[in-house]
Amino acid sequence: MLSVEEALEQVLSAAQSLLPQKVAARDALGLVLAEDVASDVDSPPHDKSIVDGYAIIAADLAAGPAEFDVLEEVTAGDVPRAQVVSGAAVRIMTGAPLPEGADSVVMVEQSEMLAGSGAGLGRVRLSPRKVTRGQNIMRRAVSMARGDRVLAAGHVLRAIELGLLAEVGRTEVLAIPRPRLAVLATGNELVPPSEKPAPGLIRNSNSPMLVAAAQTAGAVASDLGIARDERRDLEQRIAEGRKADVLVLSGGVSAGVLDLVPAVLSSLGSEPIFHKIRMKPGKPLWFGVKRHGAEQTTLVFGLPGNPASSFVGFELLVRPAIARLSGRSPRASESSAQLAGEFTHRGDRPTFHPSLLAEQGGEPLVRPLRSQGSGDLRVWVEANCLACFPAGDYSLAAGDEVRVRPLS
Numbered sequence: 000m001l002s003v004e005e006a007l008e009q010v011l012s013a014a015q016s017l018l019p020q021k022v023a024a025r026d027a028l029g030l031v032l033a034e035d036v037a038s039d040v041d042s043p044p045h046d047k048s049i050v051d052g053y054a055i056i057a058a059d060l061a062a063g064p065a066e067f068d069v070l071e072e073v074t075a076g077d078v079p080r081a082q083v084v085s086g087a088a089v090r091i092m093t094g095a096p097l098p099e100g101a102d103s104v105v106m107v108e109q110s111e112m113l114a115g116s117g118a119g120l121g122r123v124r125l126s127p128r129k130v131t132r133g134q135n136i137m138r139r140a141v142s143m144a145r146g147d148r149v150l151a152a153g154h155v156l157r158a159i160e161l162g163l164l165a166e167v168g169r170t171e172v173l174a175i176p177r178p179r180l181a182v183l184a185t186g187n188e189l190v191p192p193s194e195k196p197a198p199g200l201i202r203n204s205n206s207p208m209l210v211a212a213a214q215t216a217g218a219v220a221s222d223l224g225i226a227r228d229e230r231r232d233l234e235q236r237i238a239e240g241r242k243a244d245v246l247v248l249s250g251g252v253s254a255g256v257l258d259l260v261p262a263v264l265s266s267l268g269s270e271p272i273f274h275k276i277r278m279k280p281g282k283p284l285w286f287g288v289k290r291h292g293a294e295q296t297t298l299v300f301g302l303p304g305n306p307a308s309s310f311v312g313f314e315l316l317v318r319p320a321i322a323r324l325s326g327r328s329p330r331a332s333e334s335s336a337q338l339a340g341e342f343t344h345r346g347d348r349p350t351f352h353p354s355l356l357a358e359q360g361g362e363p364l365v366r367p368l369r370s371q372g373s374g375d376l377r378v379w380v381e382a383n384c385l386a387c388f389p390a391g392d393y394s395l396a397a398g399d400e401v402r403v404r405p406l407s
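One point on numbering: in numbering that gives the first Met the number 0, the residue at position 236 of the sequence shown is 235, and numbering is uninterrupted.
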């Protein structure tokens, strides 16, 4: 059997980044940019004030507070008409263009309007503690100049990047699209969540869980429903699912008489790469590919039907594959933490245990949760990480270090 690390290497070797497509910028959140983006404007487009105040010549206040004729008022969106000369000021608002002749701006909090007449809008007394040339001014193109590269290929597009794209006039970008993923649950014992199970039946919890997990991983996910443990039904639904970039099946991959999935996948032309991994839960996991020609391949994962097994298999192998297809790093972050209490491990496979990671005294502390086995989905609601325990029979004490893997 392969180790988890060996299995992941084979998955990532088969997963290649999808070909870039033109995408509307408004739909590109979370995508990886596949081109460099340059600015078509200077930002700011002019010297501007960064405060509400008065635009003046700094030398006029070299000797201390002074009075000025207020020539006009300029707000953001206006264009100054007056030229500032010695003894004159322009009332200016944040973001407004700096008038010609001015070389500094005094904040409005350091001003006092005076009674009596004066040129323009009256007179003002300015009393700043200190004034220097360039004070409270942002110069043209200091943020970016026309032609500057503002985003590089490989950048993940977050909300702030979408704002920057809008600023430089890009309503469409070349980006790696979201992978399309299909989920197919298998099993005669399954009924939809809307039905009350009859004796011997259970609700299909895996499909909603896996669809949601795929969406959090950045895929566009669809639910193909439930396939019965019958070759014909499996063939029809698998054929539909292989139109996606990733097909995830849940159930039917163990050694029971109705575990038909591996044989049906192979008969439909899916190339098996491995079956069974040295891990707990999730040992029976199947992985292969269906090639549709030189440029298109569907990654096919057969996950065990037990909910915890399906979930762990998704986190360890399917999520990294989605990241690779999306152009992002497929490597999950791992760290170490101290055990909150004693823990005993038994078994010849590494265990990925639902656990709660917290901080105590500035140090990470992990508490493995009490699980009733791979069918116990409820305990995972409390978990925010996987505690990774090596194979073997041993006991660990409180304070011992273990590897932890955060859950999304």
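Beta carbons: idealized from backbone N, C-alpha and C, even for Gly.
Simplified DSSP assignment, three categories, for residue i
i: M208; result: helix
i: R404; result: strand
i: P191; result: coil
i: A262; result: helix
i: R122; result: strand
i: D244; result: coil
i: V10; result: helix
i: D39; result: coil
i: D347; result: coil
i: D232; result: helix
i: R139; result: coil
i: D222; result: strand
i: R290; result: strand
i: I201; result: strand
i: Q20; result: strand
i: A357; result: strand
i: Q337; result: strand
i: E72; result: strand
i: I276; result: strand
i: G146; result: coil
i: L284; result: coil
i: R179; result: strand
Cutoff 7 Å; reference residue i; Cβ partners in own chain excluding five residues on either side
i: S2; result: R277
i: R80; result: E71
i: G287; result: L264, S269, E270, P271, I272 and V299
i: D228; result: T185, G186, N187, G251, L257 and L259
i: F388; result: H344, P349, T350, H352 and V401
i: A339; result: L364, V365, R366 and A397
i: A390; result: G346, D347, R348 and P349
Burial state of residue i (16 or more Cβ within 10 Å)
i: A23; result: exposed
i: E160; result: buried
i: G86; result: exposed
i: Y53; result: buried
i: V84; result: exposed
i: H291; result: exposed
i: K129; result: exposed
i: E314; result: buried
i: A336; result: buried
i: S332; result: exposed
i: G127; result: What sits at residue 127 in the sequence shown is Pro, not Gly. So P127 ends up on the buried side.
i: R90; result: buried
Contacting residues, own chain, Cβ-Cβ under 6 Å from residue i (five flanking each side not counted)
i: L11; result: R323 and P329
i: W285; result: V252, P261, H274 and G301
i: W379; result: P353
i: H154; result: L32
i: M106; result: V50 and G52
i: D35; result: R148, A151 and A152
Which listed residue (the options) has its alpha carbon closest to that of residue i
i: L395; options: R138, G153, T343 and V263; result: T343
i: L259; options: T185, I56, Q134 and R369; result: T185
i: E362; options: N203, E381, S334 and I321; result: S334
i: G146; options: A13, A37 and G199; result: A37
i: M208; options: V182, V190 and I225; result: V182
i: A152; options: I272, D102, A33 and G326; result: A33
i: V219; options: S206, L180 and R366; result: L180
i: V141; options: S308, D46 and L355; result: D46
i: E294; options: Q15, L7 and E8; result: Q15
i: S309; options: G326, K289, S325 and K279; result: K279
i: D102; options: R138, A13 and G217; result: R138
i: D392; options: T297, L376, G346 and P306; result: G346
i: G374; options: V105, S126 and S204; result: S204
i: A158; options: L173, R25 and R404; result: R25
i: I136; options: D399, E99 and P405; result: E99
Chain-order list of residues whose beta-carbon lies under 8 Å from that of residue i (same chain, five-residue window excluded)
i: A75; result: M92, T93, G94 and A95
i: M0; result: K275, I276, R277 and K282
i: L113; result: E66, G121, R122, V123 and R124
i: V78; result: P96
Pairing CB atoms from the segment 55 to 65 with CB atoms from the segment 7 to 26, are three or more of them under 8 Å? no
For the pair the segment 69 to 81 and the segment 194 to 210, tell me if three or more CB-CB distances fall below 8 Å. no
Would you be able to state if there are at least three C-beta pairs under 8 Å between the segment 299 to 319 and the segment 149 to 167? no
If contact is defined by three or more beta carbon pairs under 8 Å, each pair taking one atom from either stretch, is the segment 346 to 359 in contact with the segment 238 to 245? no
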